[in-house]
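> Sharing a structure here in structure tokens format.
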Amino acid sequence: MTRLLVTSALPYANGPIHFGHLVGAYLPADIFARYHRLIGSDVLFVCGTDEHGVPITVNAEKEGVGYQEYVDRWHEEIRGFLTRFGVEFDVFGQTSRPDPHHRLSLEFFLRLLHNRRIAPREVKQFYCATCDRFLSDRYVEGTCYSCGAERARGDECRQCPTLIDPLKLIDPYCVTCRSTPETRSVTQWELLLEGYPKRVGGAPDDLPGGKSLQEWFDRFATRENLKPNVYSTVVTKLVEQEKPRARPITRNLRWGIPLSALPDGAVPGLTPEEAAEKVLYVWFDAPIGYCSNTILWAREQGDEARWREYWIRPDDAPGDVRLVHFLGKDNIPFHCIIFPAMLAWQETDAAGIESVEKALGGVLGPGVGERYVLPENVPANEFYNLEGRKFSTSDRWYIDPDEFCEQFDPDVLRFTLVRTMPESADTEFTWREFQARTNELADAFGNFASRVLKFAEKYFDNRVPAGGAKDLLDPAPVDEHVAGLGAAIDGYRLRTALDHFVDIARLGNKFFDEQQPWKSRKDDLEACGAAIRACIRLLPVLAGAAWPFIPRTAERLWEMLGLEGRPTWPGSTDAAALLPEGHLLGEAGVLVPKISDDVVAAEVEKLHRRAAEGA
RNA sequence: GGCGGGGUAGCUCAGUUGGUAAGAGCGACGGAUUCAUAACCCGUAGGUCGGCGGUUCAAGUCCGCCCCCCGCCA
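Under our numbering, residues 2 to 616 are what the first sequence spells out, in order.
This is the structure in structure tokens:
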């Protein structure tokens, strides 16, 4: 059976995430994963926090807390946020964990080194003698050489749009101690991306993994496979125009995966003194978190080797595992260019296996030297704004998730987010739209369930009515929508999929109106019962179709039907067997409450007030 | 300045490889109905598909130029 390995971009453990992150990377992946769980696929949904890098050290130091303590806190915060909105991962790990993450990352590093995909290079960097450390971009400020603004940061100016080369700053100073840094030469290792495929059908290079990467690229980087926004970014822009170049993968920093964990001599040219100051660059180790978190999952299952079922492919079966990365458009380059290259270039020879074993004292997993699964697709979303502006915690332009959940059901947010998901262009969340979409769900879907169940409760003793003609409701259009819904989710078109769901509810409403059971109950109870029965039996179909999108609501409906367990996929559900004549229904109630104008107006006001107070 | 993405009914947007007289939801208007969360159902109005030119028997859909918005990079 085909396995699915679903990932969401690892959130950075340096602050809260917002609805934009949710709609871009977590919600679509969750829906995709839930759909596949529902139809019985073998699916693993992997995520975790990305916990290294300079911004974290800057902020942790500002707060005066340890790095680990700092990222642990945000890890829990982010996990709480996602859990609250119904995103259910199989595993949610942390990249700061030495085992397995640090070890696996070093393994990646060593294999790339053995395969000649990594090389050292001399670069110049600021060094602060007072603090006794190298200063990365964010640790140095000075006067902007472009606009003359003071306190320009080492990565970007506060005034003008210039991306700063920190070495060119006028009167640079260390942000920590204010002293003037000196310029030092330092060796960093770089990932050589020149071997990345030039085009579909091109010739691979001769280094290990080159052929696999090209073969993957030929399948992956096509108009048929990728969404238009992803295709143009990857192929037109990054590959054809900019051409992937070398990128540094080590830094002199005290927070990250230390190269000193490797034995002396494992990296030619790296002295123990240098190793003690170096860590892997955060962008390099972060995506490896997908793999290490899978190991974590397997370990929790009691069989660590099971991670191989998802990540390591047999020699000749490229399509055995469908690896799908969900993320926002800012992450397209990493996941379409850099990470696949890192994976493909893990393929190595006996000498490569031996050198890694020697350095790490026995291999971490049995994956050494074997072929990693490469992504089937990267269905990236565009950006999501809030009432016309970017979500921004610093500008106080955001919606507090705690306050949100006190008032509203997270499921109606999920519904709204899918309805307005930025699948092909930037979109935005507005409270007015949220109200409209929520009420749409309440009217078309929630109200249908209510009218049907209350009818049964009042006139049929809260049981599935018996007697009368069979199959009054034509199943063909329903089946078509169910099939269309599944195909749309599988093709990463969630808005279309949700359209199908709403259409099924509309079919139900239309049928109900045509049958006029409120009339027939007076003169033809059999016909009335048959109509209501047909409507009742549409409800488990709706519950199953709804579950990937609005799981808790779908489960509530399931309960109202007096059914056990969770909703099942409509395509594999026999509604008549599930709800036989005489079946006792559960307690009917309001499935989706509507939102009134004054509530929405209050939220809009609250949003603007908070932003104004912060200014 | 370069690149990318947008510019389709009042609003939010769909429109796969060019081809049945341009679609949906919301909003508006009219009708029907009363089982239901004043919900549902039926119908009407409304668009020179940013502008100009080209290719084609046929273009919102391909090509060229121009205008406006957003983003990334200079």
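Cβ atoms here follow ideal geometry from the backbone N, Cα and C, with glycine treated the same way.
Quick caveat, the model's predicted, so the values are computed rather than measured.
Buried or exposed: L103, going by 16 or more other Cβ atoms within 10 Å of its Cβ?
At residue 103 the sequence reads His, which differs from the Leu that was named. Per the 10 Å Cβ criterion, buried.
> Do you know whose CA, among E108, V600, A555 and N116, lies nearest L39's CA?
L39 has its Cα closest to that of A555, out of E108, V600, A555 and N116.
> Per DSSP, W190 forms a beta bridge with which residues?
Per DSSP, P121.
> Please go through the same chain and pick out, in chain order, the residues whose beta-carbon is closer than 8 angstroms to the beta-carbon of M343, but skip the five residues on each side of it.
Counting only Cβ-Cβ distances below 8 angstroms, and skipping sequence neighbours, we find F109, L113, L192, F285, P288 and I289.
> To the nearest angstrom, report how far apart L495 and P29 are at their CA atoms.
Using only the alpha carbons, I get a separation of about 7 angstroms.
> Spatial neighbours of R438 within its chain, please: C-beta separation below 7 angstroms, excluding the five flanking residues on both sides.
Answer for R438: F416, T417 and R420, listed in chain order.
> From P99 to N378, what distance separates their C-alpha atoms?
The alpha-carbon atoms of P99 and N378 are separated by roughly 29 angstroms.
> For Q69, which residues in the same chain have their Cβ closer than 8 angstroms to its Cβ, ignoring the five residues on either side in sequence?
The answer, listed in chain order, is S97.
> Would you call V325 buried or exposed, if buried means 16 or more other Cβ atoms sit within 10 Å of its Cβ?
When all chains shown are included, V325 counts as buried.
> Rounded to whole angstroms, what's the CA-CA distance from T497 to G485? Just pull it up for me.
Going by the C-alpha atoms only, they are around 9 angstroms apart.
> Identify the continuous alpha helix (DSSP H) that holds F110 and give its terminal residues.
From DSSP, the alpha helix (DSSP H) with F110 extends over R104 to H115.
> Would you mind listing the beta strand (DSSP E) stretches within the stretch 237-306 that are 3+ residues and don't spill past its ends, in chain order?
As far as the stretch 237-306 is concerned, its whole beta strand (DSSP E) runs of at least 3 residues are 251-253 and 279-281.
> For the ligand NAD, any of its heavy atoms closer than 6 angstroms to the Cβ of K169?
In terms of ligand content, the structure shown is empty, and the ligand NAD therefore cannot be addressed.
> Can you find the residues in the same chain that come closer than 6 angstroms, C-beta to C-beta, to P259, ignoring five residues on each side of it along the sequence?
Cβ neighbours of P259 beyond the five flanking positions: V280.
> Taking its Cβ as the centre, do 16 or more other Cβ atoms sit within 10 Å of R35, making it buried, or is it exposed?
Answer is buried; the Cβ neighbour count reaches 16.
> Going by C-alpha distance, which of R134, G203 and E388 is nearest C178?
Closest option to C178, Cα to Cα, is R134.
> Would you call the stretch 255-270 and the stretch 9-18 in contact, with 3 or more CB pairs under 8 angstroms?
The answer is no - the stretch 9-18 does not touch the stretch 255-270, with fewer than three Cβ pairs under 8 angstroms.
> Determine the extent of the beta strand (DSSP E) in which S9 is found, giving its start and end residues.
Taken as a continuous stretch (DSSP letters only), the beta strand (DSSP E) holding S9 covers R4 to S9.
> Counting only runs of 3+ residues fully inside the stretch 303-356, write out the beta strand (DSSP E) ranges in chain order.
The qualifying runs are 322-327.
> Bridge partners for Y13 per DSSP, in chain order?
Paired residue(s): D51.
> Quick one: what's Q95 bridged to in DSSP?
In DSSP, Q95 forms a bridge with T50.
> Measure the C-alpha to C-alpha separation of D172 and G143 and round it to an integer number of angstroms.
Approximately 5 angstroms, taken between the alpha carbons.
> At what residues does the beta strand (DSSP E) containing P173 begin and finish?
Element bounds for P173: I171 to C175.
> Within a Cβ cutoff of 8 angstroms, which residues of the same chain sit near I119, ignoring the five residues on either side of it in sequence?
The answer, listed in chain order, is F110, L113, W190, E191, L192, L193 and I250.
> Please return the same chain residues whose Cβ sits closer than 6 angstroms to the Cβ of G469, not counting the five positions on each side in sequence.
Excluding positions up to five away in sequence, the list reads E527, A528, G530 and A531.
> Can you tell me whether E582 is buried or exposed, with buried defined as 16 or more other CB within 10 angstroms of its CB?
With fewer than 16 Cβ atoms within 10 Å of its Cβ, E582 is classed as exposed.
> Based on DSSP bridge pairs, tell me the residues matched to V44.
Bridge partners of V44: L5.
> Work out the CA separation of I18 and F461 for me, nearest whole Å.
Cα to Cα, the separation comes out at about 48 angstroms.
> By Cβ distance below 7 angstroms, which residues in the same chain neighbour L540 in space, the five residues on each side in sequence not counted?
So the list reads A450, V453, L558 and L562, once near-sequence residues are dropped.
> What do you get for E404, buried or exposed, if any count of 16 or more other CB atoms within 10 angstroms of its CB means buried?
Exposed is the call here.
> Tell me which residues share the same chain as V92 and place their Cβ nearer than 6 angstroms to its Cβ, disregarding the 5 neighbours each side in the sequence.
Only V47, N294, L297 and W298 meet the Cβ criterion.
> Select from P376, P264 and V240 the residue whose C-alpha is nearest the C-alpha of C292.
Of the candidates P376, P264 and V240, the one whose C-alpha sits nearest the C-alpha of C292 is P376.
> Using a Cβ-Cβ cut-off of 8 angstroms (strictly less than) and excluding sequence neighbours within five positions of S393, which residues of its own chain qualify?
If we look at S393 and ignore the five residues flanking it on each side, its Cβ neighbours are Y399.
> According to DSSP, W398 sits in a beta bridge with which residue or residues?
Partner(s): S393.
> Using the C-alpha atoms, what's the distance from R314 back to D620?
Residue numbering for the chain in the displayed model covers 2 to 616; residue 620 lies beyond these limits and cannot be assessed.
> Under the rule that 16 or more other beta-carbon atoms within 10 Å means buried, what is R610, buried or exposed?
By the neighbour-count rule (16 or more Cβ atoms within 10 Å), R610 is not buried but exposed.
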